[in-house]
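Worksheet: one structure, shown below.
Residue numbers (our numbering): 14 to 78.
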């Protein structure tokens, strides 16, 4: 495999972990989650990782053409 694909896999795991943590903590302490600012932080973390992943994958696609 190429290094680009391996980098993409490394970015997928933290996104999934952050999303799973956010979803699993919601039923336990929903109000505390929103009041602490953690919800905004995790959502921006997931968004940034998703953007990095998509830009890298689009670069791999453009190079392969």
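Heads up, the beta-carbon is just placed ideally off N, CA and C, and yes, glycines get one too.
Less than 8 Å between the beta carbons of residue i and residue j, yes or no?
i: residue 33; j: residue 59; result: no
i: residue 46; j: residue 52; result: yes
Looking only at its own chain, which residues have a Cβ that is under 7 Å from the Cβ of residue i, when we skip the five neighbours before and after it?
i: residue 27; result: 62
i: residue 49; result: none
i: residue 75; result: none
Leaving out the 5 sequence neighbours to the left and right, which residues in its chain are closer than 8 Å to residue i when beta-carbon positions are compared?
i: residue 14; result: In this prediction, residue 14 scores a pLDDT of 42, lower than 50, which makes its location untrustworthy; no coordinate-derived value is stated.
Taking CB distances under 8 Å as the criterion, tell me whether residue i reaches chain C.
i: residue 71; result: Structure shown: chain C not included; a single protein chain is present.
### Message
At 4 residues or longer, what runs of the alpha helix (DSSP H) sit wholly inside the segment 39-72?
### Response
Fully enclosed alpha helix (DSSP H) runs of 4 or longer: 43-49.
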